[in-house]
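Chains as they are written, first to last, in the working numbering: chain E, 494 to 638; chain G, 494 to 638.
Even for Gly, the Cβ is constructed at its ideal location relative to N, Cα and C.
These numbers were taken from a predicted model, which means no experiment stands behind them.
Here is the structure we will look at, set down as structure tokens.
2 protein chains.
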Amino acid sequence: MENRIENIKKQLHSQSYKLTPQREATVRVLLEHEQDHLSAEDVYLLVKEKAPEIGLATVYRTLELLTELKVVDKINFGDGVSRYDLRKEGAEHFHHHLVCVECGSVTEIEEDLLGDVEKVVEKQFEFDVKDHRLTFHGVCKSCQN
Amino acid sequence: MENRIENIKKQLHSQSYKLTPQREATVRVLLEHEQDHLSAEDVYLLVKEKAPEIGLATVYRTLELLTELKVVDKINFGDGVSRYDLRKEGAEHFHHHLVCVECGSVTEIEEDLLGDVEKVVEKQFEFDVKDHRLTFHGVCKSCQN
DNA sequence: CTAAATGCAAAACGTTTGCATATAG
DNA sequence: CTATATGCAAACGTTTTGCATTTAG
Chain E
494 MENRIENIKK QLHSQSYKLT PQREATVRVL LEHEQDHLSA EDVYLLVKEK APEIGLATVY
554 RTLELLTELK VVDKINFGDG VSRYDLRKEG AEHFHHHLVC VECGSVTEIE EDLLGDVEKV
614 VEKQFEFDVK DHRLTFHGVC KSCQN
Chain G
494 MENRIENIKK QLHSQSYKLT PQREATVRVL LEHEQDHLSA EDVYLLVKEK APEIGLATVY
554 RTLELLTELK VVDKINFGDG VSRYDLRKEG AEHFHHHLVC VECGSVTEIE EDLLGDVEKV
614 VEKQFEFDVK DHRLTFHGVC KSCQN
């Protein structure tokens, strides 16, 4: 936890960004909700509990910054909001998601299932893959009745 | 072309929807731009050339309807707009995309690369896969210099 | 000290909705 | 004829922006 914050602090400073209390509070919220898929509004409300003076615009600006630094990934499941998902430390690629069309639950898959597929794409389409987004839509275990 | 429209007409009628001139014009635009990834606004402007009286709201309502009928897929590449992509006739699954981070071009991959991956997901996570979304981000052939 | 960041309110944006009118079947 | 669809304008929710003020480094 603390060392991850330290890490992010270094990343910020290396590009002459500052680690403000608001940014730190935002990062802490993200770390504490690592498996969730929070919207900007969600993050705002959670940060507000600890740092009540923060403004929604600052949260948006911070999330944008963290996306740029690849600390988080900005994702979109088709409802009208962007969601923000912390990257696992050192993860090269974005993880995958299973979205249940019945209950709306979102499950994360950490393991990279796309190694072979990426090779095909690189060869066949001469496309230099940098990252991917993979989401499955279907029915989750507990909704299968 | 004409038979695809006829087909869609039948699908509409089977659920007591009507094939209005506005809907037909919208479908024709989608058919004429099969490889593009048009936003609602894009579609609106193109339809307007042929049917100038159409309203943007009608385009939105038509695209929503076609999404429900699985004639098109609504996709989101992370810019703020939804895009609409015609399904290949009889396609069970949504096709994949290669998005170039340099020039923004979008290439479609028709062949299904995820057969094996889906089997893993079904077994390992007991998740009943209905559809998927797969997008690769990287550098396309012509930007690799 | 000064460049960078903040909070606020206003604006912008894509999308949806209410409603009176028109029309496909 | 009637349920369904339309066009328009207003409303909506999310995200961005301008600006005067504050602050981390």
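- Taking a C-beta distance under 8 Å as the contact criterion, E:T519 and E:V564 do not qualify as a contact pair.
- Interface with chain G (8 Å Cβ-Cβ cutoff): E:K634 is included.
- Close to G:T600, with beta-carbon spacing below 8 Å, are these residues of chain E in chain order: F618, F620.
- Taking the CA atoms as reference points, G:I501 sits about 57 Å from E:E499.
- The C-beta separation of E:F587 from E:D566 comes to about 5 Å, placing the pair in contact by the 8 Å criterion.
- A straight-line Cα-Cα distance of about 46 Å links E:K581 and G:G548.
- Rounded to the nearest whole angstrom, the CA to CA distance from E:N638 to E:L524 is 35 Å.
- Separation of G:E604 and G:F620 (C-alpha to C-alpha, rounded to the nearest whole angstrom) is 23 Å.
- When the beta-carbon positions are compared, G:R576 and G:H526 stay at least 8 Å from each other.
- In the structure shown, the three-state DSSP call for G:G597 is coil.
- At a Cβ-Cβ threshold of 8 Å, E:F618 and E:V592 do not count as neighbours.
- As the crow flies, the alpha-carbon of E:A544 is around 24 Å from that of E:S509.
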